[in-house]
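Going down the list, the sequences are from chains A and B. If you read the first sequence in my numbering, its first letter stands for residue 1, the second for the next number, and so on. If you read the second sequence in my numbering, its first letter stands for residue 1, the second for the next number, and so on. The block underneath contains the structure these notes are about, expressed in structure tokens.
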Amino acid sequence: QKEVEQDPGPLSVPEGAIVSLNCTYSNSAFQYFMWYRQYSRKGPELLMYTYSSGNKEDGRFTAQVDKSSKYISLFIRDSQPSDSATYLCAIAGAGSYQLTFGKGTKLSVIP
Amino acid sequence: DTAVSQTPKYLVTQMGNDKSIKCEQNLGHDTMYWYKQDSKKFLKIMFSYNNKELIINETVPNRFSPKSPDKAHLNLHINSLELGDSAVYFCASSQVSSGRKYGYTFGSGTRLTVV
């Protein structure tokens, strides 16, 4: 079983829709959960950074972590065409230097 | 003002050649990384240096050799290039001693094509 599983999509939604992106992970030792956004032909950029369980909100973006289910989510409200990108979840364990990435979900927001 | 810069952006080379990719960061971060992104967009760690010390050395062919002359620079040298080495290579940095050590800043990538 892979450490991080992410549905690669692609996911296509109309402008204004609520988008839900998800990852599951296998190792309960993971404590840090990130979401990165990658535009085409660019490097990933950090979008959300969370520690342990719970919700974190930043503008139209909400990151949710459920450690009991080993499930993390990113919600995008009022999606915009500029949100069209690949979204990568990333996880790490305490004391580790290493981030493990999911395969990414390609999102297209149609005007 | 680029935070993490990689050179070159594109590299097309023949099988068997040796090539280097350079990376520099001006963020004052103490840790740098090399990631490989394959054609399916999967990002996989290759190496990491913390204050010039190699701390992550994943299962990578020994044709790949990283070198960190100082905290701000991390280079990747590849010997005897093979077709399977074609990928996008990303350099990244982070400040491990801060509270957000997994908040990586990535470069824009080097697209390597081996023909």
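Every residue, glycine too, gets a C-beta built ideally from N, C-alpha and C. Remember, predicted model here, so these are calculated numbers, not experimental data.
Review point. B:G16 to A:P81, Cα distance in whole Å?
Key: 43 Å
Check your understanding: When the distance is taken between beta carbons, is B:Q25 closer than 9 Å to B:V4?
Key -> yes
**Study point:** Any chain B beta carbon closer than 9 Å to A:E45
**Key:** yes
Check your understanding: Hey, B:T105 and B:L11 are a contact pair by Cβ (cut 8 Å); roughly how many whole angstroms apart?
Key -> Between B:L11 and B:T105 the Cβ distance is about 22 Å, and since that is not below 8 Å, they are no contact.
Practice item. Note the first and the last residue of the continuous beta strand (DSSP E) segment covering B:Y10. Key: Y10 to T13
Check your understanding: Going along the region 40-54 of chain B in order, which residues come within less than 9 Å of chain A, judged by CB to CB distance?
Key -> Answer set for the region 40-54 of chain B: K40, K41, F42, L43, K44, I45, S48 and N50.
Review point. Short check: CB of A:R106 to CB of B:K40, under 9 Å?
Key: With the sequence shown as reference, residue 106 of chain A is identified as Lys, and Arg is not the correct amino acid for it. No, Cβ-Cβ distance for A:K106 and B:K40 is not below 9 Å.
Review point. Sorted by chain position, which residues of the same chain lie with C-beta nearer than 7 Å to A:T117's C-beta, five sequence neighbours on each side aside?
Key: The requested residue 117 of chain A is not part of the displayed model; chain A covers only 1 to 111.
Check your understanding: Which value, in whole angstroms, describes the spacing of the CA atoms of B:L112 and A:S79?
Key -> 33 Å
Review point. Which word fits B:D85, buried or exposed, when buried means at least 16 other C-beta atoms lie within 10 angstroms of its C-beta?
Key: buried
**Study point:** Expected contact under 8 Å - CB spacing of B:I21 and B:Y35 to nearest Å
**Key:** Between B:Y35 and B:I21 the Cβ distance is about 12 Å, and since that is not below 8 Å, they are no contact.
Point to revise | Own chain residues within Cβ distance below 8 Å of A:L11, not counting five before or after | key: V19, L21, T105, K106, L107 and S108
Exercise for review: Give the DSSP bridge partners of B:D70, in chain order.
Suggested key: BP columns for B:D70 point to B:H73.
Check your understanding: Which runs of the beta strand (DSSP E), 3 residues or longer, sit entirely within the region 30-97 of chain A?
Key -> Taken in chain order, the whole beta strand (DSSP E) runs of length 3 or more contained in the region 30-97 of chain A are 30-38, 45-51, 54-58, 61-66, 71-76 and 85-93.
Exercise for review: Measure the alpha-carbon distance for B:G99 versus B:Q14 and round it to whole angstroms.
Suggested key: 43 Å
Review point. Identify the residues that DSSP records as bridge partners of B:Y33: which are they?
Key: B:S48 and B:A92
Review point. Going along the chain, which residues of the region 75-100 of chain B sit with their C-beta nearer than 8 Å to a C-beta in chain A?
Key: Of all residues in the region 75-100 of chain B, only F90, A92, V96 and R100 come within less than 8 Å of chain A when Cβ atoms are compared, listed by chain position.
Exercise for review: Output, in sequence order along the chain, the residues in the region 3-15 of chain B whose CB is closer than 7 Å to any CB in chain A.
Suggested key: none
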